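>
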Amino acid sequence: MNLSPEKVRQHAARLAEADPETILRWACETFAPRIALTSSFSGPGVVLAHMISRLAPETPVLFLDTGFHFAETLAFKDAFVKRFGIRLVELRPALSVEEQASRYGSDLYRRDPDLCCRLRKVEPMMQALEGLDAWITGLRRDQSETRAGIDVLEYHETPSGHPVVKVMPLAHWTRKEVWQYIMDHNIPYHPLLDRGYKSIGCEPCTRPVSADAGERDGRWSGTGKTECGLHTFTKRC
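To convert, count from 1 in the sequence shown and add 1; that's the working numbering.
1. Residues bridged to C117 by DSSP?
2. Could you check where the beta strand (DSSP E) with H157 kicks off and where it finishes?
3. Under the rule that 16 or more other beta-carbon atoms within 10 Å means buried, what is G230, buried or exposed?
4. So, helix, strand or coil for P94, using DSSP?
5. Assuming D66 and R93 are in contact, meaning their beta carbons sit under 8 Å apart, how far apart are those beta carbons, in whole angstroms?
6. Go ahead and pull the three-state DSSP assignment for A76.
7. Using the three-state DSSP reduction, which class does P205 fall into: helix, strand or coil?
8. Who pairs with K167 in a beta bridge, going by DSSP?
9. Given a threshold of 16 other Cβ atoms within 10 Å of its Cβ, counted over all protein chains shown, does K199 qualify as buried or as exposed?
10. Can you list, in chain order, the residues of its chain with a C-beta nearer than 7 Å to that of P125? Leave out the 5 residues immediately preceding and following it.
11. Hey, out of H70, A13, R35, whose CA is closest to G202's CA?
12. Is the region 72-83 close to the region 177-186, with three or more CB pairs under 8 Å?
13. Classify P61 as helix, strand or coil using the three-state DSSP reduction.
14. Helix, strand or coil for I87 per DSSP?
15. Can you give me the Cβ contacts of Y190 inside the same chain, cut-off strictly under 7 Å, excluding the 5 residues immediately before and after it?
16. What does the alpha-carbon distance come out to for the pair H1 and S5?
17. State the CB to CB distance for the pair R37 and T23, rounded to an integer number of angstroms; the pair is presumed to be in contact (CB under 8 Å).
18. Drop a sphere of 10 angstroms on the beta-carbon of R121, count the other beta-carbons inside from all chains shown, and report buried for 16 or more, exposed for fewer.
19. Determine the contact status of V165 and L140, defining contact as a CB-CB distance below 8 Å.
20. To the nearest angstrom, how far is it from the Cα of L109 to the Cα of V98?
This is the structure we're talking about:
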C-alpha cells in the first residue's frame, strides 16, 4: 500500500460528507484488486453488497462462516449472492465446531465468548487481511458508543504490522437511512429483522430485543461484551 496515515486522513477529510457510493467507488478504484467487503448479510452489509454489485462487481465479499450462524442467515446469504451475482469468499476457522468443542469444551461461547470470537472470527479475518490493502465494512457511528468516533477512512495496522485502510462508507448514515436505501431499491433483507432482531450474529449469542432497544443490545446479552473483536484487533494509526 502506498498511502501513508497522513494521506489517508486527508482523503477521509475530503470524503467526510460524500455519499456512500462515492466513497466506495474511490476505494475500489484506488485499491483494486487488494480490497474486499466483509458482510454478515444483515442490514448494513446488505446495502454495501448491493452497492458493490453495481459499482465494482469484481470486488470480493467476505463472509465469516463461524459454524454457529442461524439457518436463516445461511439461506438468505445464498439467495442474495445468487440474485446479485456477488463474488463471495467464505472464511472459516482453523477448527471445526466439533474440534473446538473437543479442545476447549462445549459451549465455549458461554464460558469465554471472547475466545470463541477470536477463534471463529478474528483469526480467519487476520489471515485474510494479510492479502488486502483495504477493508470495506458496514460500521456506523450510531450503532453503539464504541463506534461513535469512526471515520469514513482510517489507516490501521494488523498485529503483524501489515497496513490496511478501513473503508466505512456508511459511517455517517443512520439506521433509518439504511432502511430507506433497502426500501428504495427493493432489496431483500434478513428475515429475522422482522422478528425483533436488530443486529444478527451467531445464533447462541444473539437474541431479539424490544423496539426501543439499542441496535446491538441483543448481542452477547448480559455478558458486558459489545464487540466480537473484528473491529478491535487492528490498531488505528
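All C-beta atoms in this analysis are idealised placements derived from N, C-alpha and C, irrespective of residue type, glycine included.
In this text the structure is predicted, and so the values were computed from the model without any measurement.
Judging by the given coordinates:
1. Note: C117 sits in no beta bridge, so no partner.
2. 154-158
3. buried
4. coil
5. 5 Å
6. helix
7. helix
8. W136, E155
9. buried
10. L65, L92, R93, P94
11. H70
12. no
13. strand
14. coil
15. G44, V47, I183
16. No statement about residue 1 is possible, as the shown extent of the chain runs from 2 to 238 and does not include it.
17. Residue identity differs from the one stated: residue 37 is Ala in this sequence, not Arg. With a Cβ gap of about 19 Å, A37 and T23 do not count as contacting.
18. buried
19. no
20. 10 Å
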